[in-house]
Structures are given as C-alpha cells and as structure tokens.
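Working notes, structure below.
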Ligand SMILES: Cc1ncc(C[n+]2csc(CCOP(=O)(O)OP(=O)(O)O)c2C)c(N)n1
Ligand SMILES: [Mg+2]
C-alpha cells in the first residue's frame, strides 16, 4: 500500500468516528421502523468517510453547516450520541431541544449550524456565517455542504459570486452521492463534473474520492488553508454513495443491486479496518473492543432518549427570533 502521512492515531480516529456514525444510524433506522422516531429520517450510511476525513482537517472552532442528512456530520463534529438520539425522539434533551428532529440538528457550542430541510437553503447561510467571521476578524473557516441535487438550485450561483467577490473564508462541498431522491445526476445535469461549476466564478474547484478519508482530508486541508490565509473559497465535489434509500420511505428501485454492491465493496470502514490490521496498529481484538464500546454508547443514547422528558408546552414560542445578544456568531 502506498505510504501516506496518515498514521495509527489518525486511522483509529477515523475508524471509531465512522463506526459510531454507522452504528448510530443503523439503530436509528430500526427505531424508525418501531415508530419510536417519527417524521423524516435520512440516513448518511455509506458517506461516513466524508465527515471523518473532514474533521481531521478542521479546527474545533471551524463551522459546519449541511442539509437534512445531518446525523453523521453532527456526531463527527462532536455532538454526543445522547443529544443526537434524544433529538430524533423529539425530546427536550436533544441538541435542538427536541424541536428540530432528524433534519434540524444544531449546536452552537459545537459550531454545527444545522441541519436544513430546504434543498440548497444552507448554501447562502454558509456564506453568511463565513461573512460574519470575516467581519469579526476571526480566522475561522466555514464548511458548507450540500447535495448534487442542491447544486442545481439558483442560490448556488448568487452565493458563489458573492463569496468570490468578498473573498469569504468558506469551503463549499458538494457531496455527490449520485442521486437527488430517485433522480440520478445524469438526468438533471448536462455536465457530470459538478466541480466545474466553480469555473464560472474563478473559484478553484476539484473532484475528490469520498470513499476514503485520506483523500477527503487532503483536499479539505488544502482548501481550508487557502480560506484561513485569506485566499477565499474553494469548491470540492466529493464523490460518495448512500447505501440506503433517500429517506425511510424509499425502496430505492431506481438503481441496480450491482451498483450498490460496487460501492459497498469499497466501504470506507472496511478499508480503514484493513489498513489498521495490515499495519498492525491494532489487533482484531482491540478493534472488537472499539466496536463493543460504540455499541454501548449507542444503547446508552437510546436509554437516555427514552427516559428524557418531552419539551414543555411553554417552549413552543421560544427560539423563533434571535435574541439581541445572539451569541453564536458575534463573539
Ligand atoms: C427547495 C426544495 N425543493 C425540493 C425539496 C424536496 N427534496 C428533499 S430532498 C431532495 C433531493 C436533494 O438531493 P441532494 O441535494 O442530492 O441531497 P441528498 O439527499 O442526496 O443528500 C428534494 C428534491 C426540498 N426539500 N426543498
Ligand atoms: Mg444527492
């Protein structure tokens, strides 16, 4: 295997992070089937190398904003499994106080700014967060993620133009999982190279293998460095795949079993596991111990969510408008 600068510590971090996301969502899928979790639920399973590879390229105080497929990214950003599971249950102890559910995870403390249900809506919001940081002279960077379907929303063009004009510290990432609900990129886009949409705005753009945290880390690290140094935005199209349907009600009949199997055979968790074992960074038993620990964390999060209270009725009108001393951005 090719030598890379990524060693034991990084690989074990990626492995654990991806496995937590996977096990958490497998459990969420089961609980949805039991009607413990209601409303919408979009699983990220298959895309975990994007979130894991991204986090090792970021500083803790950098910002992340994404769409409704947000569980994996929220966990990777450090929101606890307890707070995420409780949010799925709609409980008061959830990361959005039980008011957002699956699509609207949020934690100002972790600088995770949602979870957004309007396709493409967060593209403009991400640039806005980056503008706030630039205005306040911080050197934080914003990662703004959206899907291949969202890349075809008009807001992308206005935002790309403004972000370049104002040289904003933002990295735009299209997680190209090849489908927007049941519609393939081939059916909605004349060009299949989504990253080239950056060309029209003189923005650097690149395509990245999203089934491997190494390639994700390397591309994002470079883009974040540019943004932090004041050299402005980058657009990365990260090619990935969701193994499950679009949401819980999608039997995914618009693609072949072979296509799904092809991606499953490149599973990033298995890839990381193989590398760890090949390089003797851990034994099978040690990896099993990590597995067991993660199972316990997920089980405990279900217990926590089950036991947590529902939000009080008085919460209904809270958190609708920003307070005057809105603390999240202007610190
Ligand atoms: C403005 C808007 N139009 C349509 C929808 C319905 N809708 C929800 S998800 C989705 C597909 C988006 O696909 P993509 O951006 O590729 O993200 P992915 O689900 O693959 O992560 C659509 C059309 C919506 N939520 N908002
Ligand atoms: Mg998509």
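Numbering (my numbering), first residue to last: -18 to 312. No residue lacks a Cβ here, since even glycine has one placed at the ideal position from N, Cα and C. Since this is a predicted model, take the numbers as computed values, not measurements.
Check your understanding: For ligand 2, is there a heavy atom less than 7 Å away from the beta-carbon of residue 51?
Key -> no
Original post:
What is the DSSP secondary structure of residue 270, counted as helix, strand or coil?
Top reply: helix
Near residue 122, which residues of its chain fall below 6 Å by C-beta distance, leaving aside the five closest residues on each side in sequence?
43, 150, 205, 208, 209
Going by the DSSP bridge assignment, what does residue 122 pair with across the sheet? Paired residues: none, contrary to the question.
So for residue -18, helix, strand or coil by DSSP? Reliability fails at residue -18, whose pLDDT of 40 lies under 50, so the model's placement of it is uncertain and no value is given.
Notebook entry, point to check: Quick one, what's near ligand 2 if you take every residue whose CB is closer than 6 Å to any heavy atom, in chain order?
Noted result: 128, 129, 130, 158, 160, 161
Checklist entry - Is residue 291 buried or exposed, if buried means 16 or more other CB atoms sit within 10 Å of its CB? => result exposed
Does DSSP put residue 312 in a helix, in a strand, or in coil? Annotation note: pLDDT 49 at residue 312 (below 50); position unreliable, no value reported.
Burial state of residue 68 (16 or more Cβ within 10 Å) = buried
What is the C-beta distance between residue 46 and residue 125, in whole angstroms, given that I count them as a contact (C-beta under 8 Å)?
-> 5 Å
Quick one: residues in its chain with C-beta nearer than 8 Å to the C-beta of residue 128, no 5 flanking neighbours on either side, listed in chain order?
-> 48, 50, 100, 155, 156, 157, 158, 161
| request: Return the chain-ordered list of same chain residues with a C-beta closer than 8 Å to the C-beta of residue -3, the five sequence neighbours on each side being excluded. | output: 271, 275
* Could you check if residue 294 is buried or exposed, using at least 16 other CB atoms within 10 Å of its CB as the buried criterion? => exposed
query = Is the Cβ-Cβ distance between residue -5 and residue 33 less than 8 Å?
reply = yes
Self-check item: Inter-stretch contact (C-beta, 8 Å, three-pair minimum) for the segment 92 to 109 and the segment 129 to 136
Solution: yes
For residue 170 and residue 109, the rounded distance between their alpha carbons:
27 Å
Inspect the beta-carbon positions of residue 96 and residue 86 and report whether they are closer than 8 Å.
yes
Item to complete: Give the straight-line distance between the Cα atoms of residue 36 and residue 304, rounded to the nearest whole angstrom.
Response: 30 Å
Starting from residue 166 and walking both ways along the beta strand (DSSP E), at which residues does that stretch end?
-> Segment: none, residue 166 is in no beta strand (DSSP E) and carries neither H nor E.
Q. Any heavy atom of ligand 1 closer than 7 Å to the Cβ of residue 99?
A. yes
| message | Between 262, 16, 202, 279, which has its C-alpha nearest residue -8's C-alpha? | response | 262
Can you tell which of -11, 39, 131, 60 has its C-alpha closest to the C-alpha of residue 198?
39
Reduced DSSP secondary structure (H/G/I, E/B, other) of residue 302
coil
Ligand 1 and residue 30: does the residue's C-beta get closer than 7 Å to at least one heavy atom of that ligand? no
Review point. Short check: CB of residue 217 to CB of residue 176, under 8 Å?
Key: yes
Helix, strand or coil for residue 114 per DSSP? helix
> Nearest-angstrom Cα distance between residue 183 and residue 152?
Replying inline: 14 Å
Next item on the list: Give every residue of the same chain whose Cβ lies closer than 6 Å to the Cβ of residue 233, excluding the five residues on either side of it in the sequence, and list them in chain order.
Entry: 226
Worksheet entry | Segment limits, beta strand (DSSP E) that includes residue 216 | 215 to 220
When burial is assigned at 16 or more other CB atoms within 10 Å of the CB, is residue 312 buried or exposed?
Its pLDDT being 49, under 50, residue 312 is placed unreliably in this model, and the value from its coordinates should be taken loosely. Its Cβ having fewer than 16 others within 10 Å, residue 312 is exposed.
Review point. Is the beta carbon of residue 167 within less than 7 Å of some heavy atom of ligand 1?
Key: no
Comparing C-alpha positions only, which one of 223, 200, 278 sits nearest to residue 238? 223
- Task: Pick out whichever of 284, 193, 10, 269 has its Cα sitting closest to the Cα of residue 322.
- Result: In the structure displayed, the chain extends from -18 to 312; residue 322 sits before or after that span and is not available.
>> Quick check: does the Cβ of residue 218 come within less than 7 Å of any heavy atom belonging to ligand 1?
In response: no
### Task
Can you grab the Cα-Cα spacing for the pair residue -13 / residue 297, in whole Å?
47 Å
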